[in-house]
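Count the sequence shown with this note's numbering and you get residues 387 to 773, in order. Where is the CB? At the ideal position from N, CA and C, for every residue including glycine. The structure under discussion appears below in the form of structure tokens.
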Amino acid sequence: MIEATDPEVRAELVATVRRFVERDVLPVASDLEHADEYPAGLVATMRDLGLFGVTIPTEYGGLGLDLLTYAAIVEELAAGWMSLTGILNTHVMVANLLTGSGTEAQRARWLPELARGDRRGALSLSEPDAGSDTAALSCRATRDGDEYVLSGTKMWVTNGARAGLIALAARTDEGITCFVVEKEPGERSGGITVSRNIGKLGYKGLETVEMVYDGHRVPADTVLGGDAGLGRGRHFILAALEVGRINIAARAVGVARAAFEASLRYAQERETFGVPIAQHQAIQLKLADMGTKLEAARLLTRSAAERRQAGERCDVEAGMAKLFASEAAFEIASDAMRIHGGVGYTTELPIERYYRDAPLMIIGEGTNEIQRVVIARGLLARHRIHP
Ligand SMILES: Cc1cc2nc3c(=O)[nH]c(=O)nc-3n(C[C@H](O)[C@H](O)[C@H](O)COP(=O)(O)OP(=O)(O)OC[C@H]3O[C@@H](n4cnc5c(N)ncnc54)[C@H](O)[C@@H]3O)c2cc1C
Numbered sequence: 387m388i389e390a391t392d393p394e395v396r397a398e399l400v401a402t403v404r405r406f407v408e409r410d411v412l413p414v415a416s417d418l419e420h421a422d423e424y425p426a427g428l429v430a431t432m433r434d435l436g437l438f439g440v441t442i443p444t445e446y447g448g449l450g451l452d453l454l455t456y457a458a459i460v461e462e463l464a465a466g467w468m469s470l471t472g473i474l475n476t477h478v479m480v481a482n483l484l485t486g487s488g489t490e491a492q493r494a495r496w497l498p499e500l501a502r503g504d505r506r507g508a509l510s511l512s513e514p515d516a517g518s519d520t521a522a523l524s525c526r527a528t529r530d531g532d533e534y535v536l537s538g539t540k541m542w543v544t545n546g547a548r549a550g551l552i553a554l555a556a557r558t559d560e561g562i563t564c565f566v567v568e569k570e571p572g573e574r575s576g577g578i579t580v581s582r583n584i585g586k587l588g589y590k591g592l593e594t595v596e597m598v599y600d601g602h603r604v605p606a607d608t609v610l611g612g613d614a615g616l617g618r619g620r621h622f623i624l625a626a627l628e629v630g631r632i633n634i635a636a637r638a639v640g641v642a643r644a645a646f647e648a649s650l651r652y653a654q655e656r657e658t659f660g661v662p663i664a665q666h667q668a669i670q671l672k673l674a675d676m677g678t679k680l681e682a683a684r685l686l687t688r689s690a691a692e693r694r695q696a697g698e699r700c701d702v703e704a705g706m707a708k709l710f711a712s713e714a715a716f717e718i719a720s721d722a723m724r725i726h727g728g729v730g731y732t733t734e735l736p737i738e739r740y741y742r743d744a745p746l747m748i749i750g751e752g753t754n755e756i757q758r759v760v761i762a763r764g765l766l767a768r769h770r771i772h773p
């Protein structure tokens, strides 16, 4: 495990992740993705590198890294294979929820296991009838003595089957409460069942599942933040979503970078009408736009990460980074396919994978329509002219 204590060590860790991607990920990513096969070997290396504890404070066994470094690591992983960043994302959000909103007993109990990657985290907010409208969720937690009884159906749980710890939003008498639910990795654990594995356009190799809670009992001390956390779960999760949006923005930058760099290379190799296509102005215009959007997306992502790291709420900045970077990745992946012509549409190159992976960033962690609503609300609140 690498200890990250100073800027040079942090830069070395990002470089180590880049080498891991070049050596281990790129040669196998497309095959694993097409086979929809879980990358057990790659995940083992990520665990050895300490990535499951990337932002967890060192006193709980994590690397204690800042969000800027986290964003840089996510960019490197996504440039190799976006699915690897999904394996990390909700795990990091659960760790972030515990660090920011958990009691000391909850931090001490779960963070060391999460940091080692012995227990993997998943975040379960969405339901079949509650996606954008998070306040509409109907999963119920009913108090019964020293326990709560959980009942309801959760949708879109990334890492849900392999997870050993789920941050779950459920309705209690006080409002929406976040529970930290222990489970055995697998399809069934107590009253929890993985009821459906959801097929996806891209983002393959890791599971996104529907889960049913059928009278599943959890101790009352699993309420995130203790009794003070009752009814505050949505507030806690929305704050953690800022970190999730920084992850999404950084992975969009990674996918966009991979598509852009492949296009830069191909445009200089492929000749038509006696010259490399890079000499055609129509291709140059695309490359210029792609490079500019990529740079802007990366800067917005860094800016959001810096603000959050400084301890400030950054729903506007994280929303802007996620909105811009995901739209940029979608456009850059599409332009990469145009530049590659026919071969871009085949499975011989990863361009088609970037093209399938990019749209998820427009939807995940709140759709871009919802981002715009969040950004506008935040801007209006900051620039209110009437008290
Ligand atoms: C692959 C994948 C993995 C995911 N992983 C997780 C996970 O691990 N945990 C988790 O909790 N969730 C997860 N999600 C869920 C994801 O966060 C939701 O899909 C997303 O928030 C959108 O919700 P929805 O799909 O119900 O769309 P809906 O809310 O039904 O929205 C449908 C459309 O209406 C638009 N819309 C809705 N309300 C408004 C409004 N007020 N104004 C304007 N437009 C609006 C939306 O933008 C969208 O275009 C995942 C989703 C996917 C696809």
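- Secondary structure at Val414: coil, using DSSP grouped into helix, strand and coil.
- Rounded to the nearest whole angstrom, the CA to CA distance from Gln757 to Ala426 is 33 angstroms.
- Going by C-alpha positions, Leu470 is about 10 angstroms away from Glu462.
- In the same chain as Ala682, and ignoring 5 residues on each side of it, the C-beta atoms closer than 8 angstroms to its own belong to Phe710, Ala714, in chain order.
- For Lys590, the CB stays at least 7 angstroms from every heavy atom of ligand 1.
- DSSP links Ser537 through a beta bridge to Arg526, Asp600.
- Close CB contacts of Thr476 within its chain, under the 7 angstroms cut and outside five residues either way in sequence, are with Gly507, Ala508, Leu509, Thr544, Asn545 (chain order).
- Relative to ligand 1, Glu751 has its C-beta within less than 7 angstroms of a heavy atom.
- If the five residues before and after Val580 are omitted, its C-beta is found closer than 7 angstroms to the C-beta atoms of Gly546, Ala547, Glu573, Val595, Met597, all from its own chain and listed in chain order.
- In this structure, Gly611 lies away from Gly436, with their beta-carbon atoms at least 8 angstroms apart.
- The nearest non-hydrogen atom of ligand 1 is less than 7 angstroms from the C-beta of Val759.
- In the DSSP annotation of this structure, Phe438 is not part of any alpha helix (DSSP H), being labelled neither H nor E.
- Listed in chain order, the non-local C-beta contacts of Val414 below 8 angstroms within the same chain comprise Pro425, Leu428, local neighbours out to five positions each way being set aside.
- By the Cβ neighbour-count rule, Tyr731 is exposed, with fewer than 16 other Cβ atoms within 10 Å of its own.
- When C-beta atoms of the stretch 608-622 are compared with those of the stretch 556-569, three or more pairs fall below 8 angstroms, so the two segments count as touching.
- Here Thr485 carries a helix assignment [DSSP, helix/strand/coil].
- By the Cβ-count criterion, Phe659 is exposed, with fewer than 16 other Cβ atoms from all chains shown falling within 10 Å of its own Cβ.
- For a cut-off of 8 angstroms, the C-beta gap from Ala707 to Leu735 is around 28 angstroms, too long to register as a contact.
- Between Gly472 and Tyr589, the C-beta gap is smaller than 8 angstroms, which places the two residues in contact.
- In the same chain as Gly764, and ignoring 5 residues on each side of it, the C-beta atoms closer than 8 angstroms to its own belong to Asp701, Val702, Gly705, in chain order.
- The C-beta separation of Thr485 from Leu497 comes to about 7 angstroms, placing the pair in contact by the 8 angstroms criterion.
- For Asp532, the closest alpha carbon among the candidates Asp607, Ser416, Tyr741, Ala744 is that of Asp607.
- With a cutoff of 7 angstroms, Trp467 does not count as near ligand 1, since its C-beta is closer than that to no heavy atom of the ligand.
- Shortest Cα-Cα distance from Ala527 to any of Ala691, Lys672, Arg404, Val609 involves Val609.
- Using a Cβ distance threshold of 8 angstroms, Leu680 and Ala642 count as a contacting pair.
- Proximity of the beta carbon of Ala762 to ligand 1 is not indicated: no heavy atom of the ligand is located closer than 7 angstroms.
- Around the beta carbon of Gln492, 16 or more other beta carbons lie within 10 angstroms, which makes this residue buried.
- Contact holds between the stretch 450-460 and the stretch 623-633, because three or more Cβ pairs, one in each stretch, are under 8 angstroms apart.
- The nearest non-hydrogen atom of ligand 1 is less than 7 angstroms from the C-beta of Gly517.
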